[in-house]
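Everything below concerns the one structure shown next.
Numbering (our numbering), first residue to last: 1182 to 1402.
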């Protein structure tokens, strides 16, 4: 198994990477340069010939078969590692909706990430931070609060928790200008979920092993 992404702990990659690591599944953690990624967008393959089906990353290569798309990769890695149910269709669907919500939230930021005019960027992000972004985050809080739960599904860590942990860490890291680092301060259940993922022994081991010492992990305590 080869897991292909840039050398950064973005949530789209960390869900699959961490699922494999937590499950003790051996894999090659392939971290390509931005230049190689840009070349792959033109050619549909890496410099070593590995196919990138939709010319995007992350990409998982299993015995020569390449798989694109965060959700599909996350489910595959979750199934191998025990962090995604093989026989409980309801719990699988509950996890799927969390992964899809993480994607929806990520997509919300897309226009402002591409915006080059600083004033427009500031306006777009301030509007998001007090509007649709905070609303979608509140829906995640409601899921946990309704069941008075620490974990999103099945009372244990799954790929859903990993996705939201890293997504919220990114959003509150201060790396996204004009998105307040206190974004999830009003949401105690999400804060608890975040801290339980962060302090999970295998997650802590992974972050110590692979994250830069000065990486902004999110302003959540």
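Quick reminder that beta carbons are idealized off the backbone N, C-alpha and C, glycines included.
In this text the structure is predicted, and so the values were computed from the model without any measurement.
Worksheet item: Given a threshold of 16 other Cβ atoms within 10 Å of its Cβ, counted over all protein chains shown, does residue 1270 qualify as buried or as exposed?
Response: exposed
Worksheet entry | Cβ shell of residue 1191 (< 8 Å), same chain only, five flanking positions each side left out | Once the five neighbours on either side are set aside, the close Cβ partners of residue 1191 are 1347, 1351.
Practice prompt. Let me know if residue 1311 comes out buried or exposed under the rule of 16 or more other beta-carbons within 10 Å of its beta-carbon.
Written response: exposed
Worksheet item: Looking at C-beta atoms only, is the number of pairs between the stretch 1276-1284 and the stretch 1248-1267 that lie closer than 8 Å three or more?
Response: Using a Cβ-Cβ distance cut-off of 8 Å, the stretch 1276-1284 and the stretch 1248-1267 are in contact, since at least three pairs of beta carbons, one from each stretch, lie closer than that value.
Discussion item. Less than 7 Å between C-beta atoms, sequence neighbours within five positions excluded: which residues of the same chain meet that for residue 1237?
Written reply: 1249
Item to complete: Would you kindly check if the distance between the Cβ of residue 1353 and the Cβ of residue 1365 is under 9 Å?
Response: yes
Practice prompt. Give the DSSP-derived three-state secondary structure of residue 1404 in the structure shown.
Written response: The chain is shown from 1182 up to 1402; residue 1404 falls before or after that span and cannot be answered.
Discussion item. Within the continuous beta strand (DSSP E) that includes residue 1362, where are the two ends?
Written reply: Residue 1362 -> no beta strand (DSSP E), and no H or E assigned at all.
Worksheet item: Which partner residues of residue 1247 appear in the DSSP bridge assignment?
Response: Per the DSSP secondary-structure output, residue 1247 pairs in a beta bridge with 1242.
Discussion item. What would DSSP say about residue 1315, mapped onto helix, strand or coil?
Written reply: helix
Item to complete: Could you give the DSSP three-state label for residue 1212: helix, strand or coil?
Response: strand
Item to complete: Would you identify the three-state DSSP class for residue 1264, choosing helix, strand or coil?
Response: coil
Worksheet item: Whose C-beta lies closer than 7 Å to the C-beta of residue 1273 among residues of the same chain, with five residues either side of it excluded?
Response: Hits under 7 Å: 1265, 1266.
Worksheet entry | Closest by C-alpha distance to residue 1154, when choosing among 1183, 1201, 1195 | Past the boundaries of the shown model lies residue 1154; the chain is included only from 1182 to 1402, so the question cannot be answered.
Worksheet item: Do you know offhand how far residue 1367's Cα is from residue 1322's?
Response: Going from the Cα of residue 1367 to the Cα of residue 1322 covers about 9 Å.
Discussion item. Mapping the DSSP letters down to three states, classify residue 1191 as helix, strand or coil.
Written reply: In the three-state reduction of the DSSP assignment, residue 1191 falls in the coil class.
Discussion item. My output table needs one value for residue 1320: the three-state DSSP class, helix, strand or coil.
Written reply: helix
Practice prompt. Measure the C-alpha to C-alpha separation of residue 1262 and residue 1300 and round it to an integer number of angstroms.
Written response: Roughly 45 Å between the two C-alpha positions.
Discussion item. Please state the DSSP three-state secondary structure of residue 1183.
Written reply: strand
Item to complete: Leaving out five residues on either side along the sequence, give the residues of the same chain with a beta carbon under 6 Å from the beta carbon of residue 1155.
Response: Nothing about residue 1155 can be reported from this structure: the residues present for the chain run from 1182 to 1402 only.
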